[in-house]
Structures are given as structure tokens and as C-alpha cells.
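See structure below.
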Ligand SMILES: Nc1ncnc2c1ncn2[C@@H]1O[C@H](COP(=O)(O)OP(=O)(O)OP(=O)(O)O)[C@@H](O)[C@H]1O
Ligand SMILES: [Mg+2]
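Okay, here's the thing in C-alpha cells:
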């Protein structure tokens, strides 16, 4: 009897995935630009009729994050949320992407004649536009979007060490803390009048211009701190290095706990609101671009060589010490930038922010998204941030659900969703046609 | 002046004397062989010269300058390339990337080039790709460039290792049992490739081999090692007829 049920279940599953594949095959040749156009239209739709539509289907306002939180809160709203999502997102995106794919492919083809930089800028502007208007509806969305982008920076940088170089490093929250504290001290000391650091030393209008300086400073201090992990890595690998890096995280945390000048356990607050959406967007794009450049260069591939065979790497003239040093410092720099941005989004930090919970989150994003993969880290960071936010109403159960999800991924896809994939920007923007399908298969093989 | 000169090299692993009073002189363009029973210390000699271990005693000169105790990557970039007895390829990397990595020390674009795709970096990477493709051509694997190295058959993987070592532009190439585990067909291919490499790139080769046919065919001079000591040295004919060698080694192999 149970066997029968299982076999019937399998059949249903097979037909359903069959349908899905068939359905999806209509969208295989939709270029990125058409998707972006479709999303812009959806976002406009939501801005103009979202409120009215939400009322019509029985919701008080448009769901902030795809309705998951709403449904968890009140399961009776399930149908309403689904209808809203289909009407505002599913249907228009699907229809417009499908209808514009011809034109989209022509535009993408036409853009090929220009330098990649220009094509990238066009796409990035569209992406930013979609995000800007999508987040304009609710402050909560805006916050989630900003934090998700910061997660991308932090996840990618951790992937450099844990994925590309294959060391299990646990020190990332420590690096973030260094960046967060240094940039916070910088901006609060110079541009904010408060009772910790006293009067502002510089006129406030300079602040936003000096913000990048504070971030970079934080990044450099964080990189300097990384020496404490990088130097032991010359002689130790694996478990021992993981423990050293974990110790580093705790050292940084207790350092700030005991430093009364920077608020001790109470931390620093009143950071100016410099980390707005576009600032974070620019930094995220920079991080992705630079990190992707690095890991695709032959010098960056040396990280993989150190991971998969250090002896052979050194016999092939690879300077393994330099490689490890660069990887750790580079990763720490970006974690520091991420930490600085984070501090200016939350506008309150204390040592407890950068503890084991943060570590669990970043590790989850890296391993969920996929080792040794820029795309994987982007997907991992955004996916995990969204899931984690959507499950917020579950409260403590969230921390049961998420680990279980991770365990399942580790069992069924030990290297993560999209691991060991090269992120080729040019390919991303290309027109998608019949000939490209081959290319996709190549990449998958 | 010999290209490589090793004098009186001795090495202990704890109490075990793995190599004792070993001497070697290799002239430019020579092909030399090192044979000996299992555990004789052949691989250890390679590891000592290439800097993986630091010899307990002795001196190693490459082109008259000492390389003893230097880091393996420094020694390699000074012109000492090698392959390994057991394959040591990087399992997640494509074939072409393996060979390009052999040119690590020849890359000049530095960190700025690595972080930002500067014109200089693009130029150098392109040049490196071209050199790597030429080497792949030389070892007969040009169509495998973009494949993952683990997807290749064993014999091809050995050739990738050879091409990777060649990418470092060695003056001397150390081959540790280049035909180990190969079937007869792959073996013949490998010997042919070694000859071609030797002729085209004009380098010296020092090779460890268990298969007598390979050593006798390829090498001008052969050393026989037993318990870390050289017991015989000479041309293939000398070695073939040396009673000590026959006793220690060849006696056990029926077909010479
Ligand atoms: N790292 C090491 N530590 C301790 N002993 C070692 C080490 N490497 C090799 N040995 C020992 O040194 C001796 C020589 O080993 P080596 O690998 O050089 O032999 P070989 O001549 O290459 O043998 P084979 O033909 O099996 O490859 C062996 O007794 C081996 O056990
Ligand atoms: Mg050996």
C-alpha cells in the first residue's frame, strides 16, 4: 500500500516537474534586459495600484516581502497573499518578459558592439532603478534590501577564503567588527555632536563625502587585523587554523567589550545615515567586480591551487605564503567595508553584534549559495537574507528551521547551490537564443 | 660549469638515513636517469633538490648558485620544473588553468592587475593563454583546454602535469616515474612526447623510472640507488652489465 502511494507520488512529481520544465522552456531565451524591463513594469504597477489591489483581495497593504511573513502571522490570508503575488508579480513579469524577449534580444545584440563597461552600466542602472522603486513602498523593504546587499559583500569575501582557498575561517565577524568600529568612530567623532566624542569636528555637509574614506580606513584596519590569522596560516591548515580564526573573533569581541573609550559593552550609536541604498549599491557592485576580477585571474587561481594541492602549487612557482596573505587580507578588507556599511545602516553597534550568531549567518550564506562561486555567494546572501527575514515571525523557531535547511543542503548538495562556477559578466548580458542554449549546457557540464 | 651540481648530500628522516653522500652533475641538454628499488630514496632526492625538504648535509648549486634551503617556489622559478610520482593536479581546475598557473612567477601585473582588469593584465593573461595553448599542443591535448582535469583519462592527466611543469620554463625538468601506471600505448606516447620536449625546448631532463626500457632508451647516463646510496653510475650498457645493479635491482625484474 505505501509503495503504491510512493509510486503515485513519484509520478505526480515527475509530471509536475515536466510541466515546469516545459513552461520554463518558454523563458529560456529571455535576455536579462527583458527581465529587468518586466520587473520595472511590475514595480510601477505595485506603486500605482498595489494599495488598491491589496484591499481588493483582502489585505490591509501590499505585503512587504512576498507575503510570507503575513501568512505566517495569519494563515487565513494565504489565498489573498497568493492572489496578490500572482497579479502583481507573477503574471506581469512572466507576460512582459515573454513578450519583450524579441526586442530584448535585439537590444542585447545591439549593445554587443559597445564596450562591456557601457553595457554593464545600462544593466546596472536598470537594476538599481528596479530596486529603488521596489524599496520605495516600505521602509522595511528598504532595510532588508540594504542589509541583503551588505550580506553579498561579506559572503563573497568569506567565500574567497573558505571557498576559493579552502580554509575554514571563522574570523569574519571579527573583521566586520573592526570595520564597523573604525568607520563608526571616524564618522561619529568628526560629524556628529554627541556625549561620547563631544562636538562634531567638521561641518556635517562633508560627511557623505568622507564616508568612503571611513569605510576604506575600516577595511585597512580589518586587513591589518587579518595578519593575526594569515601568519599562522603559513604553517597550519584545517582544524587548527579554524580554531585560531575562531579565537580571533572572540579576541576582537572582548577587545571592544573592554575598551571603554568606544562604549565597552554598550557600543556606539548615532552613526549618521550615510549608508543609503545607492551608496550600498555602488559598494556592492565594486566588491563583486573586484572580487570577481581577482578570482578569475591567474593570480587568483593560485588560491585554488593552494587549496587543492599546496605542494604542487609551490613546485609550479606559486608563492603560497603570499597567496594566503593576500587572500586573508583581501577578504578581511571587504568584510571591514561590509561591517562599516552595516554600522551605518543599523546605526547602532555593540560587540555582541559581531558574535557567533553573525558567524553562523555568514557561514550559512556561503555554504548555502555555493563554494568557489561569485554567483553562488550572491544567490546565497540574497536568498538567505530574504528567507531569514520572511521567517522572522517564527521567532525562535527560525533558528530551528534554518539549521535544518542547511543540514539538508549539506546532505544533498554538499558544496552549495551554485558551486564552482565562473561568473562571466559578458555572458550575463548576452542575447539569449538557440545558440546560447548550447553554451548553457557547456557551463553545466 | 654544470647546470646542476649536487655534492655530498645526505638526509635523515629522524633516525632513517634516506639519502647518503649523494653527488650529481647535470650538463645542459642531458637526459639522466635515476633507478633503484622501492624505497631506495629516489623521490627523496627529487624533493631535496626541489626544496620540499632541506638536506641535513650537502650543497646544491643551480648554475653555480646555491639553492639549498630555498623555498620550492623560488627554486622552481629559477628553472627547476618537476612532475610528481603520484599525480598532483588541482581537481577543480580546468586543463588550461593548470598550465597557466605554471607561469605564476612570470606574471608581472601584480595585485593592481589582479583586482582591476587593467589593460596590462588583459594583455598578459592573453599571452599566458597563448603560451599555455602552445604547450598543450606540444603534449597533444589542445582540444581538452576547457575541460576539468579530472575528466581526462589517466595518461592525459600525466601529460597535463608535464605541460604544467614546462610552463615554468625549466632549464632542468625532473620527472618522477612519468610512465607509472600507464598502459603500453600511453607509455609509447609519453616517451615520444618526452623526446619531443627535449628537442624542442632544449632542456635537461632528470628522470626516475621503474621501467627499464624507458630509462635505457632515453637516458645517456644512469645512476642506480640502493638504500640511499649510489651503487653504480654509467651509460645504459654499463648499468645493464653491472653485477651490483643486477644484484640489487635488475635481478628481480625478468625482462630487461
Ligand atoms: N617524509 C618522510 N618522512 C619519513 N620518512 C620518509 C619520508 N619520505 C620518504 N621516507 C622514507 O624514505 C625512504 C625513501 O623513500 P622514497 O620515497 O624516496 O623512495 P623511492 O625510491 O622514491 O621509492 P619508490 O620507488 O617506491 O617511489 C623510504 O624508506 C621512505 O619510507
Ligand atoms: Mg618515489
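Chains as they are written, first to last, in this note's numbering: chain A, 9 to 453; chain B, 19 to 274. Backbone N, C-alpha and C fix where the C-beta goes; we use that ideal spot for every residue, glycine too. Computed from a predicted model, the values in this text were never measured in an experiment.
is_contact[residue 452(A), chain B] using C-beta, thresh 8 Å: For residue 452(A), the predicted model reports a pLDDT of 38, less than 50, meaning its position is unreliable; a value from the coordinates is still stated below. Residue 452(A) does not count as touching chain B.
Whose beta carbon lies closer than 6 Å to any heavy atom of ligand 1, going through the chain in order? Screening all residues for a C-beta within a distance smaller than 6 Å of any heavy atom in ligand 1 leaves 31(B), 34(B), 36(B), 54(B), 56(B), 57(B), 58(B), 59(B), 60(B), 61(B), 62(B) and 103(B), in chain order.
Strand pairing of residue 44(B), partner residues [DSSP]: DSSP output for residue 44(B) lists 22(B) as bridge partner(s).
Quick check on residue 316(A) - is its C-beta less than 8 Å from some C-beta in chain B? By this cut-off, residue 316(A) is an interface position.
Would you mind sorting residue 206(A) into buried or exposed? The rule is 16 or more other CB atoms within 10 Å of its CB. Counting C-beta atoms within 10 angstroms of its own C-beta, residue 206(A) has fewer than 16 neighbours from the protein chains shown and is therefore classed as exposed.
Below 8 Å on C-beta distance, what does residue 134(B) contact in chain A? For residue 134(B), the residues of chain A that pass the 8 Å Cβ criterion are 298 and 301, in the order they occur in the chain.
From the beta carbon of residue 97(B), is the nearest beta carbon of chain A less than 8 Å away? Interface criterion not met: the Cβ of residue 97(B) is under 8 Å from no Cβ in chain A.
Is residue 244(B) a contact residue of ligand 2, with contact defined as CB to any heavy atom under 7 Å? Answer for residue 244(B): no, Cβ out of range of ligand 2.
Beta bridge counterpart(s) of residue 96(B) as assigned by DSSP: According to the DSSP secondary-structure assignment, residue 96(B) is paired through a beta bridge with no residue.
Taking Cβ positions, are residue 64(A) and residue 75(A) nearer each other than 8 Å? It is not a contact, given that the beta carbons lie outside the stated cut-off.
Residue 194(B) Cβ short of 7 Å to ligand 2 heavy atom set: Under cutoff, so the answer is yes.
So which residues on chain A does residue 94(B) lean against when the C-beta distance must stay under 9 Å? Result: 322, 323, 324, 325 and 326.
Burial state of residue 372(A) (16 or more Cβ within 10 Å): Residue 372(A) should be labelled buried.
Below-8 Å beta-carbon distance, residue 31(B) vs any chain A residue: In terms of beta-carbon proximity, residue 31(B) stays away from the interface with chain A, with every pair separated by 8 Å or more.
According to the Cβ coordinates, are residue 280(A) and residue 199(A) closer than 8 Å? Taking 8 Å as the Cβ cut-off, residue 280(A) and residue 199(A) qualify as a contacting pair.
Since residue 120(B) meets chain A, which of its residues come closer than 8 Å, beta carbon to beta carbon? Residues of chain A passing the Cβ test: 324 and 325.
Give the straight-line distance between the Cα atoms of residue 262(B) and residue 243(B), rounded to the nearest whole angstrom. Rounded to the nearest angstrom, the two C-alpha atoms are 11 Å apart.
Establish whether the CB of residue 102(B) and some CB of chain A are separated by less than 8 Å. Yes - at least one Cβ of chain A is within 8 Å of the one on residue 102(B).
Spatial distance of residue 209(A) from residue 203(A) (CA atoms): C-alpha separation (whole angstroms): 13 Å.
Nearest-angstrom Cα separation, counted from residue 123(A) out to residue 138(B): Answer to the nearest angstrom: the Cα atoms are 17 Å apart.
If we count the other Cβ atoms within 10 Å of its Cβ and call it buried at 16 or more, is residue 95(B) buried or exposed? Note on residue 95(B): 16 or more other CB atoms within 10 angstroms of its CB, so buried under the neighbour-count rule.
How about residue 61(B): is its C-beta nearer than 8 Å to some C-beta of chain A? The beta carbon of residue 61(B) does not come within 8 Å of any beta carbon belonging to chain A, so the residue lies off that interface.
In terms of DSSP beta bridges, what is residue 248(B) paired with? DSSP output for residue 248(B) lists 243(B) as bridge partner(s).
According to DSSP, simplified to helix, strand and coil, what is residue 310(A)? Residue state, collapsed to three classes: helix.
Cβ of residue 181(B) within 8 Å of Cβ of residue 221(B)? Contact flag unset, no.
Can you check DSSP and say which residues form a bridge with residue 280(B)? The shown model of chain B, from 19 to 274, leaves out residue 280(B), and the question about it has no answer.
Residue 313(A) versus chain B: which residues are under 8 Å apart at the beta carbon? Under the 8 Å cutoff, chain B gives 108, 111 and 119.
Measure how close the beta-carbons of residue 140(A) and residue 44(A) come, nearest whole angstrom, since I'm counting them as under 8 Å. In fact, because the Cβ distance is near 13 Å, the residues do not count as touching under 8 Å.
Since residue 345(A) contacts residue 227(A) with CB under 8 Å, what's their CB separation in whole angstroms? Right, their Cβ atoms sit about 5 Å apart.
Beta-ladder partner(s) of residue 179(A), from DSSP: Looking at the DSSP output, residue 179(A) sits in no beta bridge, so it has no partner there.
Measure the alpha-carbon distance for residue 13(B) versus residue 303(A) and round it to whole angstroms. The question about residue 13(B) has no answer here: the residues shown for chain B are numbered 19 through 274.
Under the rule that 16 or more other beta-carbon atoms within 10 Å means buried, what is residue 396(A), buried or exposed? Residue 396(A) should be labelled buried.
Quick one: is residue 306(A) near chain B, going by C-beta distance under 8 Å? Taking Cβ atoms only, chain B reaches closer than 8 Å to residue 306(A), which makes this a yes.
Let me see if you follow: with CB-CB separation under 8 Å, is residue 190(B) close to chain A or not? Cβ-Cβ to chain A under 8 Å: no for residue 190(B).
So, with DSSP's three-state summary, where would you put residue 173(A)? Coil at residue 173(A), not helix or strand.
Using a Cβ cut-off of 8 Å (strictly closer), state whether residue 168(B) contacts chain A. With respect to chain A, the C-beta atom of residue 168(B) has no partner C-beta closer than 8 Å.
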